[in-house]
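Colleague: Handing you a structure now.
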Amino acid sequence: DKVTRDIKKTYPLIHYIDFDISHFAHLHHLIFSSDGWGDRGDVTKDYEEEAWGGLSIRIHSPYVDSFDSYYLSLHPDNNTRNPWFKEFWEFKFSCKFVSLVGNLSSSLAVNSSMNYTETDGNTVNYTTLEEPSQNFCTGEENLATNYRQDSKLSFVIKAIYTLAHALHDMQQDMCGHGSVGMCDKLLPFNGSLFKNYLMNVSFEYEEEIIEFDENGDPPGRYDIMNYQKLEDGSFDYVQVGSWNNRSLLWNNSRSLQLGRNRKTVKSVCSQECPRGQYKNVQQGGKDKRCCWVCVPCPAGEVLENDGESCRKCPLGSAPDEQKIECQVLPVEYVQWFDTQAIIAMIFSTMGFLSTSIAFFIFLKYNNTPVVKSSTKELCYIILAGMTLSHASIFAILAKPEPLSCALTRFLPGLSFAMIYAALLTKTNRIARILAGSKKRFPKRKPLFMSAAAQVVITLFLVAIEVFIAGKCNTTPEGVVVPLSFDFFLILLCTLYAVKTRNVPENFNEAKFIGFAMYTTCVIWIAFVPIYFGSDSKVITLSMCVTLSAMPEKNNRALFTTTKIRCHIGSRVASAVSEKVLLTAGERVAHL
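At position 151 of the sequence shown the residue is numbered 151 (the UniProt record's numbering), and the sequence of numbers has no breaks.
Here it is, written out as C-alpha cells:
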C-alpha cells in the first residue's frame, strides 16, 4: 500500500515492480518488471488487462530444441533408470499406476469402475486407492499436453556443463593429461581449489561463450518482453528487444504495445531543463546518474555542451532570450551633440574654469597669511579633486572604449576622495582645536596638527579609494562601489561640520564647509534612486559628479578667494598680521 501511495505522488508514468500485480490493478500506469517476473503467466493471471503493455526483463535463455525431443520421448517403460519418473508421471496426469501380481501375457484393459479384472486366467491386483473413482495411469498419456519448456532450462544445462568443465580441468591438472577417473591427488576433494577452476571456466554453448568475471558473474544478457494482446484476444509475452553486454537492440519487426490507450509513455528521473538553465548532473560514484538539477545560467552566459554547462559571452556581446548563443550588442552611447550631453558639458566647463581661476589666485598669493592660514596644502588637494571631477565628465560622455571606460570607473571616485578626504582632515583638525580650547588647562598639544601630517592622512584616505576603484567590476553596481567610500567620507565631513558649527569667527570657514556638505548629501541621496531607476545612467552620473563638486567650489574656494580680494582692496595683502587671523573677537571678511 505504501508503494502504491508513493507511485501516485511521483511524476514518472512507468514504475518498476517485482511483486504481486494486484496492488496495481486500479492504477493507470505502465508496468516495468524485473527478471523475477520475466515471462511468467501465473503473475498476470486474472490481471491481463492491467498488465497489458507492460515491459519485463527476462534473463536470456535460448530455447533448447533438443530437450523437447528427448523429453517427449520419455515413457515409464523406457525410462526405468530414473526411479522417480513414475511418481512424476502420476503427479503430472493425476493418476495412479497399478501393482501387478503374476505374469501378464497381454496388455491390460483397465476398467476405472472396478478394483480388479481378469485377463487370460491371471488375476491382476491393483493398489489400494484413497478414492474409488481415482483414475489409473494407462501409459497412453501424452507429455506434450500443456507442455511448455521452462525459460531457465538452458541455465540448468549451462550450470551442469560448467561444473563438468571445471571438474575435468581440475582432474587433468592434478592427475595428468589423458588420465581417466579419480586419483589420489583429488582426495580429499578441495572445494576452494575447485572454486578457482569454476571461476576460470571458458567454453562455448549454443554459439555463446560461457565465462565469468572477477566477481563470478557471467556477461549480462537479457530479453525485453512486452505483454501484448494477440489477434485472437488472448495475452502473451512477446520479445521486442534484447540487451547483450552493454548493447541494446530493438526488434523492429515487432510492434510495441503500450496498453489500452496506446499513448506514448515516458519515464524520467528529471525533466528537461527550461530555456536558459543547464543540467547540473548528480554524481553517483564514478558513474553519472540519469538525474540532474536545473540551474539558471548566470547573467551574461549561454548554454553549451548540450545544456550541461554555461560559458561567458565575450565582451561586446550578450545572450539571446533563449541563452543559446551570444549576440553582438549594438554600441549605444551618448553623442556629443545630444541636448543632455551639452548641458552636462556646460556645467562641467563652468566648474572647470572657475576652479582653474581659484587655483591660479591661490598660486599667485601662495605666501600671503590668508592662504597660509587655510592649510594651503589641503586646499590644493581639494582644487585638484575639483578639476578631476569636472574633467571626468568628458570621459563619462565619451564613446565606450577601454580607456574611457577605465577613466569612468576611476576618476569620479578618485576626485571625490581627494575633495572629501581633505575636507574630513581639515574639519577633524578644527574639531580637535576647538575641543582643546575648551579645556582650561590642556595637558598636551593635539597630535598630527602639522601640514605634513594632514597631507599624509589625506593621501592615506585617497589610497583606500584607489584600491576600491581598482577592484570594481563593469556592472552598474560597479559604479557605486567606488563611490560608496566617498559617501562614507561625506557623512563624516557632515558630522564634523555639525560638530564645529559654533566655532569662533576666525574659523568661520567651517560653516561654509557645513553648508557644502548639506548640499552634497542632498545630491547624493537623490543620485542613488535616480541612477538605478533610470535608463539614462550616463547623464545621471555626469550631472551628479559635476554638481557635487560645485557646492564645495562655490563655498570653500570662493570664500577664501574673497578674503584675499578684500585684503588686496585694503592694500595690506602682504602685511596682514597673524593676530588678526588668530583673534576670535576680530572679524575677518567673509561672504
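C-beta atoms are modelled at their ideal positions from N, C-alpha and C, and glycine is treated no differently.
On a predicted model such as this, the values are computed, not experimentally measured, just so you know.
#1: Express the C-alpha separation of N215 and T80 in angstroms, rounding to a whole number.
#2: Considering only the alpha carbon of each residue, which of H168, T162 and K96 lies closest to E141?
#3: Within 8 Å (strictly less), CB to CB, does F527 reach chain D?
#4: Taking the beta strand (DSSP E) that A318 falls in, what are its first and last residues?
#5: Residue 605: buried (16+ other C-beta within 10 angstroms of its C-beta) or exposed?
#6: From the DSSP output, read off the bridge partner residues of P296.
#7: Starting from L55, trace the beta strand (DSSP E) in both directions and tell me its first and last residue.
#8: Regarding P298 and the ligand FAD, is the C-beta to nearest heavy atom distance less than 7 Å?
#9: In angstroms with no decimal places, state the Cα-to-Cα distance between V156 and D150.
#10: In chain order, which alpha helix (DSSP H) runs of at least 4 residues are fully inside the stretch 160 to 233?
#11: Using a Cβ distance threshold of 8 Å, determine whether the stretch 37 to 44 contacts the stretch 53 to 63, with at least three qualifying pairs required.
#12: Whole angstroms are fine: how far does the CA of E50 sit from the CA of residue 627?
#13: Please tell me whether V371 and Y365 are closer than 8 Å, where the distance is taken between their beta carbons.
#14: Buried or exposed, going by whether 16 or more other CB atoms sit within 10 Å of the CB of L27?
#15: May I have the straight-line CA-CA distance separating L198 from E207, to the nearest angstrom?
#16: Ignore the nearest five residues each way along the sequence and tell me which others in P76's own chain have a CB closer than 7 Å to its CB.
#17: Considering just the uninterrupted stretch of the alpha helix (DSSP H) at W89, what are its terminal residues?
#18: Helix or strand or just coil, what does DSSP make of L491?
#19: Answer yes if the stretch 311 to 330 comes into contact with the stretch 340 to 359, meaning at least three C-beta pairs across the two stretches below 8 Å, and no otherwise.
#20: Considering only the alpha carbon of each residue, which of F93, G178 and I224 lies closest to A146?
#21: Can you list, in chain order, the residues of its chain whose CB lies under 8 Å from that of K158, leaving out five sequence neighbours each side?
#22: Which residues in the same chain have their Cβ closer than 8 Å to the Cβ of E325, if we skip the five residues on either side of it in sequence?
#23: Would you report the Cα separation of V295 and Q335, rounded to the nearest angstrom?
#24: Can you tell me whether I70 is buried or exposed, with buried defined as 16 or more other CB within 10 angstroms of its CB?
#25: Taking only the alpha-carbon atoms, compute the straight-line gap between K185 and S242 and give it to the nearest angstrom.
#26: Throw me the rounded Cβ distance for the L403 and S392 pair, which I believe falls under 8 Å.
#27: Look up G241 in the DSSP assignment and give the residues it is bridged to.
#28: Give the list of continuous beta strand (DSSP E) stretches no shorter than 3 residues that lie fully inside the stretch 295 to 369.
#29: So, is P188 buried or exposed, given that buried needs 16 or more other C-beta atoms within 10 angstroms?
#30: Who are the Cβ neighbours of Q245 in its own chain at under 8 Å, not counting the five residues just before and after it?
#31: Quick check on this structure: which residue in N196, L353, Q277 and F337 has the alpha carbon closest to the alpha carbon of C310?
#32: Excluding the five sequence neighbours on either side, which residues of its own chain have a C-beta within less than 8 Å of the C-beta of N280, listed in chain order?
#33: Where does the unbroken beta strand (DSSP E) through F32 begin, and where does it stop?
#34: With a threshold of 16 other CB atoms inside 10 Å of the CB of N226, please say whether the residue is buried or exposed.
#35: Taking Cβ positions, are residue 595 and S356 nearer each other than 8 Å?
#36: Do you know whose CA, among P529, I464, Q172 and I433, lies nearest K499's CA?
Modeller: The structure says:
#1: Taking the first residue of the sequence shown as 1, we reach residue 80 at position 80. Taking the first residue of the sequence shown as 1, we reach residue 215 at position 215. Taking the straight line joining both Cα atoms gives about 41 Å.
#2: Position 141 of the sequence shown, counting from 1, holds the residue named residue 141. Cα-wise, what sits closest to E141 is K96.
#3: The displayed structure is made up of one protein chain only, and chain D is not part of it.
#4: Working through the sequence shown from its first residue, we reach residue 318 at position 318. Start and end: S317 to P319.
#5: Outside the modelled stretch of the chain, which goes from 1 to 591, sits residue 605, for which no answer is possible.
#6: Start at 1 with the first residue of the sequence shown, and residue 296 comes out as number 296. P296 is bridged to Q277.
#7: On the sequence shown, residue 55 is found 55 positions in, with the first residue counted as 1. Run containing L55: L55 to I59, per the beta strand (DSSP E) assignment.
#8: What this structure holds is no ligand at all, so the ligand FAD is not there to describe.
#9: Locating residue 156 in the sequence shown gives position 156, where the first residue counts as 1. Locating residue 150 in the sequence shown gives position 150, where the first residue counts as 1. For V156 and D150, the distance between alpha carbons rounds to 10 Å.
#10: 191 to 199
#11: yes
#12: Given that the chain is displayed from residue 1 to residue 591, the structure contains no residue 627 and the question cannot be resolved.
#13: In the sequence shown, the residue the question calls residue 371 occupies position 371. In the sequence shown, the residue the question calls residue 365 occupies position 365. Yes.
#14: Locating residue 27 in the sequence shown gives position 27, where the first residue counts as 1. Unreliable positioning characterises L27 in this predicted model, as indicated by a pLDDT of 48, which lies under 50. The coordinate reading is nonetheless provided below. Result: exposed.
#15: By 1-based counting over the sequence shown, the position of residue 198 is 198. By 1-based counting over the sequence shown, the position of residue 207 is 207. Distance between the alpha carbons of L198 and E207 is about 20 Å.
#16: Counting from 1 along the sequence shown, the entry for residue 76 is found at position 76. Correct list, in chain order: F85, K86, W89 and G139.
#17: Numbered from 1 along the sequence shown, position 89 holds the residue referred to as residue 89. From DSSP, the alpha helix (DSSP H) with W89 extends over F85 to F93.
#18: Your numbering for residue 491 matches position 491 in the sequence shown. It is helical.
#19: no
#20: Here residue 146 refers to the residue found at position 146 when the sequence shown is read from its first residue. The sequence shown places Asn at residue 146, not Ala. Checking every option, the nearest Cα to that of N146 belongs to F93.
#21: Within the sequence shown, residue 158 is the residue found at index 158, counting from 1. Contacts found: Y205 and I210.
#22: Numbered from its first residue, the sequence shown carries residue 325 at position 325. Around E325: V302 and P319.
#23: In the sequence shown, residue 295 corresponds to position 295, counting from 1. In the sequence shown, residue 335 corresponds to position 335, counting from 1. Going by the C-alpha atoms only, they are around 40 Å apart.
#24: Counting from 1 along the sequence shown, the entry for residue 70 is found at position 70. With the sequence shown as reference, residue 70 is identified as Tyr, and Ile is not the correct amino acid for it. Y70 is exposed by the Cβ-count criterion.
#25: For the purposes of this step, residue 185 is taken as residue 185 along the sequence shown, with counting starting at 1. For the purposes of this step, residue 242 is taken as residue 242 along the sequence shown, with counting starting at 1. Rounded to the nearest angstrom, the two C-alpha atoms are 45 Å apart.
#26: Along the sequence shown, one-based indexing puts residue 403 at 403. Along the sequence shown, one-based indexing puts residue 392 at 392. Actually they are not in contact, since the Cβ atoms of L403 and S392 sit about 13 Å apart, beyond 8 Å.
#27: The sequence position of residue 241 within the sequence shown is 241, counting from 1. Per DSSP, I224 and W250.
#28: 301 to 304, 309 to 312, 317 to 319 and 326 to 328
#29: Counted from its first residue, the sequence shown places residue 188 at position 188. P188 should be labelled exposed.
#30: Stepping through the sequence shown from its first residue, residue 245 is reached at position 245. It is Asn, not Gln, that sits at residue 245 in the sequence shown. Closer than 8 Å at the Cβ level, and outside the excluded window around N245, lie P219, G220 and R221.
#31: Within the sequence shown, the letter at position 310 stands for residue 310. With distances taken between Cα atoms, C310 lies closest to Q277.
#32: Working through the sequence shown from its first residue, we reach residue 280 at position 280. For N280, where only same-chain residues beyond five positions count, the Cβ hits under 8 Å are W292, V293, C294 and V295.
#33: On the sequence shown, position 32 is the one that residue 32 refers to. Element bounds for F32: L30 to S33.
#34: Locating residue 226 in the sequence shown gives position 226, counting from the first residue. Under this definition N226 is a buried residue.
#35: The structure shown does not extend to residue 595, since the chain is modelled only from 1 to 591, so the question has no answer here.
#36: Numbered from its first residue, the sequence shown carries residue 499 at position 499. With distances taken between Cα atoms, K499 lies closest to I433.
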